[in-house]
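Reviewing the structure listed below.
Numbering (the working numbering), first residue to last: 62 to 143.
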């Protein structure tokens, strides 16, 4: 769901879901968002960042922040840490 003041530009990929983008979110470049993701409150993704949620988990990114370059935000299940 795209809400207030959202810009998706360039070759950005947004797929999966549910996805909520709200309150001044800018997604540009080769950014990739997949899975159940909530991004809100002045967040900017540029260049090649990845925000990815797996298997029923939800990733929540709140601003203000800039995520760029090759940064990757995921949620690792506890079993994956052991």
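Using N, Cα and C, we set each Cβ at its ideal position, and we do this for glycine too.
Whole-Å CB distance - residue i paired with residue j, under 8 Å assumed
i          : j           : result
residue 82 : residue 106 : Rounded, the Cβ-Cβ distance is 10 Å, inconsistent with contact.
residue 98 : residue 120 : 5 Å
Spatial distance of residue i from residue j (CA atoms)
i           : j           : result
residue 90  : residue 104 : 14 Å
residue 126 : residue 70  : 18 Å
Per DSSP, the bridge partner or partners of residue i
i           : result
residue 126 : 104
residue 121 : 99
residue 93  : 74 and 111
residue 83  : 101
Terminal residues of the beta strand (DSSP E) in which residue i lies
i           : result
residue 113 : 111-113
residue 133 : 133-135
Of the residues the options, the one placed nearest residue i, counting alpha carbons only
i           : options              : result
residue 132 : 94, 117 and 101      : 94
residue 78  : 110, 96 and 127      : 96
residue 84  : 136, 128, 68 and 135 : 68
residue 75  : 66, 117 and 92       : 92
residue 114 : 100, 124 and 130     : 100
Cutoff 8 Å: residue i Cβ touching any chain D Cβ
i           : result
residue 118 : Absent from the structure is chain D; it holds one protein chain and no more.
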